[in-house]
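Notes follow once the structure below has been shown.
Number of protein chains: 2
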Amino acid sequence: MNNKVTIYDIAEKLNITAATVSRALNGNPNISEKTRETVLAAAKEMNYKQNKLALALKSGKSNHIGVIVPRINTNFFGSVIRGIEEELNAKGYNIIICQSHNDEEMEAKNIETLIDSHVDAIFISSSSKSSASLQKVLDEKIPLIFFDRRKIMNNVSSVTIDDFAGGYMATKHLIDSGCRKIAHIISGPIELEIFKERHRGYQQALEDHNIDYRKDYVLRTNSSIEEGKRAVEILFSLNEKPDAIFSASDFVALGAIQELQKRGIKVPDEVSVIGFANEPFTDFLELSISTIDQFPLEMGRTVARVYLNQETGDEAGGNVQKKVVLQPKLIARKSTRN
Amino acid sequence: MNNKVTIYDIAEKLNITAATVSRALNGNPNISEKTRETVLAAAKEMNYKQNKLALALKSGKSNHIGVIVPRINTNFFGSVIRGIEEELNAKGYNIIICQSHNDEEMEAKNIETLIDSHVDAIFISSSSKSSASLQKVLDEKIPLIFFDRRKIMNNVSSVTIDDFAGGYMATKHLIDSGCRKIAHIISGPIELEIFKERHRGYQQALEDHNIDYRKDYVLRTNSSIEEGKRAVEILFSLNEKPDAIFSASDFVALGAIQELQKRGIKVPDEVSVIGFANEPFTDFLELSISTIDQFPLEMGRTVARVYLNQETGDEAGGNVQKKVVLQPKLIARKSTRN
DNA sequence: CTGTTAGCGCCTTCAA
DNA sequence: TTGAAGGCGCTAACAG
């Protein structure tokens with residue numbers, strides 16, 4: 003029952019040559035209608051299946067796409083991947099997923115593996131400061147597309163959200179509700195564009211509303227609940243305590259809220275808190291958390307489409323790379339006043 | 003800069019033959035130390051990289067493993083995949099992920115694609131009632147391993163948790179805390195083993211404590227927050243209202259709690275609620291949700307190990323398939339009394 | 001120890 | 001319209 007039927011088997015049975023079988027199977031026009039039908043019938047009957055490995059070797063195209071994310075078990079990345087998959091599966095691609103765990107070395111290794119596997123393209127939300135590994139991808143002439151976390155590189159398409167706008171709208175939302183002493187938690191490596199931009203949006207919003215930027219109101223942490231608690235400890239040991247917190251991560255926002263409540267500080271009445279990413283749990287809580295939606299599913303679909311477009315459009319000529327920027331959306335919930 | 007160096011290029015440069023190069027590269031003992039060193043040096047210098055596609059075609063082994071899950075963007079499956087990946091990447095495998103969306107047809111299509119891609123094995127948390135597609139995998143002599151949601155098939159290893167025990171301990175926990183009118187929500191297709199088993203555990207616990215099984219206390223839903231709310235609507239329109247709910251899904255448990263609270267029913271004082279899966283959000287809530295932990299990371303790692311073992315152990319002879327059953331753990335939180 | 005040959009399964013010129 | 005031949009890159013069997 004093991005399926006090892008090749009075009010040679012079909013050819014033999016039909017007393018023709020493998021080349022003809024190949025032609026029939028691939029819709030090559032230089033073949034008589036009759037032979038084509040015969041071949042197709044035989045192929046079906048013999049339960050023939052094209053060996054994609056042979057095809058890949060021959061054509062140099064594997065129909066596999068590599069996707070690298072920091073981690074898979076978060077709603078944001080899970081949804082992006084889902085979007086990519088939906089779009090790409092329909093076109094006959096499979097996706098190979100790698101996790102970098104926010105580690106530059108691991109990411110480099112993932113890239114290595116994917117190149118080795120001859121993927122047709124790599125989509126990445128990069129955790130690297132250096133672009134060395136990424137450059138390798140380009141050197142191999144493998145299309146590279148950034149999503150969410152991009153780096154500045156030539157000839158590389160990207161799909162991101164406008165993190166500056168996200169930071170701005172979060173901060174403005176706090177300001178509009180009357181907050182003036184707004185802290186910001188940079189909940190990830192400041193080297194990454196996304197955090198820089200969110201921070202920049204924060205700064206700009208303050209400036210536009212004539213609020214001084216205070217260095218002691220800006221903290222750097224990792225993205226975890228624990229770190230959110232610690233951040234509050236630090237912020238509330240200051241002489242002048244903040245009346246609002248804009249965290250670049252929902253998890254940190256949650257930790258902050260928990261610590262505030264533990265200290266008997268009322269959210270949002272005394273301190274407003276807003277997060278980033280719209281992870282589902284933010285909506286589950288009794289005190290639901292205001293946040294910024296990044297439309298991950300849409301992002302994933304867009305990444306896939308950008309790739310497909312630039313593949314088919316290549317001959318048209320020239321630079322087809324594209325920088326798509328999606329607009330984030332403020333989701334106002336109970337952890338902030340309105 | 004495009005890297006197209008083959009063993010022929012190396013051979014040519016060194017005035018030897020490709021076969022010798024291959025031998026040197028693969029640690030074949032039949033070769034002089036001197037040539038080996040020369041080849042290795044040249045390979046490094048020329049930045050040679052083995053073409054895995056050619057290797058795959060030649061050997062019939064792709065070093066890709068297909069993984070099929072209902073959906074990827076849930077903590078449970080995300081973590082399982084993470085566990086699989088950790089273990090398998092280290093051994094040079096890549097994993098290809100497919101989502102079935104709980105749809106039998108989609109799952110069949112995924113299987114088809116993976117077979118076509120010549121994956122070395124398929125790991126699946128199956129959503130199918132029929133085993134037809136799964137049988138195809140076996141017909142192709144591709145190792146198949148179930149995790150979480152298994153089906154009864156010969157020659158197939160599986161890694162699951164003891165869902166019966168999970169259902170039993172959840173129910174017993176409610177009974178121990180004084181509940182007697184315990185409802186059960188089967189939050190998924192009853193055709194799936196996992197739900198049958200959890201239900202059986204529920205029944206057994208009732209029986210062991212001399213509590214009658216009431217059909218009107220057992221509901222079937224999908225796994226969503228909305229369905230949890232609806233379930234409460236139905237249960238609390240009964241004459242004799244339950245004093246506890248055991249849901250086979252955390253999401254449904256959450257919905258149920260929200261609806262109960264909306265109705266002014268105190269959780270856990272008037273009604274206790276326990277879920278299943280230990281999704282992270284269950285611990286984030288102010289009223290944290292009691293649940294059953296399934297150790298997804300461990301499950302993923304185990305699946306990978308079972309595969310690796312049965313691959314290497316094959317020669318040893320005979321049936322190496324294995325049924326691993328992990329023990330779940332009760333996580334008592336605030337949504338139940340203790 | 002090394003070279004020659006053949007083949008994994010497919011596609012694609014070049015001839016006929 | 002079809003056949004013959006060669007090659008994608010690698011490995012393994014058989015000679016020498």
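As they're listed, the protein sequences go chains R and L.
Residues 3 to 340, numbered by the numbering used here, are exactly what the first sequence covers, in order.
Residues 3 to 340, numbered by the numbering used here, are exactly what the second sequence covers, in order.
Ideal Cβ positions, reconstructed from N, Cα and C, are used throughout, including at glycine.
query                                                                                                                                                            : result
Does K54(R) pass the burial test, meaning 16 or more other C-beta atoms within 10 Å, or should it be called exposed?                                             : buried
Would you say V305(R) and V161(R) are within 8 Å of each other, going by their C-beta atoms?                                                                     : yes
For chain R, check one thing: does any of its Cβ atoms lie closer than 8 Å to the Cβ of Q296(L)?                                                                 : no
Going by CA-CA distance only, name the one from F166(R), A233(R), A92(R) that's closest to L310(R).                                                              : A92(R)
With distance defined between alpha-carbon atoms, name the residue in D271(R), N156(R), A44(R), Q206(R) nearest to G1(R).                                        : Examination of residue 1(R) is not possible in this model, given that chain R is present from 3 through 340 alone.
For a contact defined as C-beta to C-beta under 7 Å, what are the partners of N75(L) on chain R?                                                                 : N77, G80, S81, R84
Run the CB neighbour count on T314(L), radius 10 Å, all protein chains shown included, and call it buried at 16 or more, exposed below.                          : exposed
On the DSSP bridge assignment, give the partners of S292(L) in chain order.                                                                                      : I276(L)
State the DSSP-derived secondary structure class of N112(L), mapped to helix, strand or coil.                                                                    : helix
Looking at the secondary structure, which residues open and close the alpha helix (DSSP H) in which Q205(L) lies?                                                : 195-210
Which residues in chain L sit within 9 Å of H186(R), going by Cβ to Cβ distance?                                                                                 : Under the 9 Å cutoff, chain L gives no residues; its nearest Cβ is about 22 Å from H186(R).
Would a C-beta distance cut-off of 8 Å place S159(R) and D122(R) closer than the cut-off?                                                                        : no
Can you tell me whether DSSP reads T162(L) as helix, strand or coil?                                                                                             : strand
Based on Cα-Cα distance, which residue from I74(R), G85(R), E89(R) lies nearest to V82(L)?                                                                       : I74(R)
Closest to L16(R) by CA distance: which of G29(R), M155(R), N30(R), L42(R) is it?                                                                                : L42(R)
If the cut is a Cβ gap below 8 Å, which residues of chain L does H120(R) touch?                                                                                  : N53, K54, L55
Whose C-alpha, out of S24(R), H201(R), R216(R), is nearest the C-alpha of K183(R)?                                                                               : R216(R)
Compare the C-beta of A134(L) with all C-beta atoms of chain R and state if any pair is closer than 8 Å.                                                         : no
For P31(R), does the count of other Cβ atoms within 10 angstroms reach 16, so buried, or fall short, so exposed?                                                 : exposed
Would you mind working out which of A334(L), D150(L), E300(L), K336(L) sits nearest I86(L), comparing C-alpha positions?                                         : E300(L)
Any Cβ of chain R within less than 8 Å of the Cβ of L59(L)?                                                                                                      : yes
Grouping DSSP H, G and I as helix and E and B as strand, with all else coil, what is L237(R)?                                                                    : helix
What is the residue span of the beta strand (DSSP E) that A185(R) lies within?                                                                                   : 184-188
Taking the beta strand (DSSP E) that K331(L) belongs to, which residues open and close that run?                                                                 : 331-333
According to the Cβ coordinates, are D164(L) and I196(L) closer than 8 Å?                                                                                        : no
Compute the distance between the beta-carbons of G230(R) and R84(R), then report whether it is under 8 Å.                                                        : no
Cβ of S64(R) less than 8 Å from any chain L Cβ?                                                                                                                  : yes
I need the boundaries of the alpha helix (DSSP H) containing F297(L), first residue and last residue.                                                            : Neither: F297(L) is in no alpha helix (DSSP H) and is coded neither H nor E.
Between V23(R) and I154(L), what straight-line distance do the alpha-carbon atoms span, to the nearest angstrom?                                                 : 40 Å
Taking CB distances under 8 Å as the criterion, tell me whether F286(L) reaches chain R.                                                                         : yes
Entirely within the stretch 117-185 of chain L and at least 3 residues each: give me those beta strand (DSSP E) ranges in chain order.                           : 123-126, 146-149, 159-163
Taking the straight line between their C-alpha atoms, what separation do you get for N157(R) and D141(R)?                                                        : 11 Å
Give the secondary structure of I83(L) by DSSP, where H, G and I count as helix, E and B as strand, and everything else as coil.                                 : helix
Which one or two residues does DSSP pair with R222(R) in a beta bridge?                                                                                          : I188(R)
Curious, which full-length beta strand (DSSP E) runs of at least 3 residues does the stretch 46-109 of chain R contain?                                          : 66-71, 96-101
Leaving out the 5 sequence neighbours to the left and right, which residues in its chain are closer than 7 Å to Y346(L) when beta-carbon positions are compared? : Only positions 3 to 340 of chain L appear in this structure, which leaves residue 346(L) out of reach.
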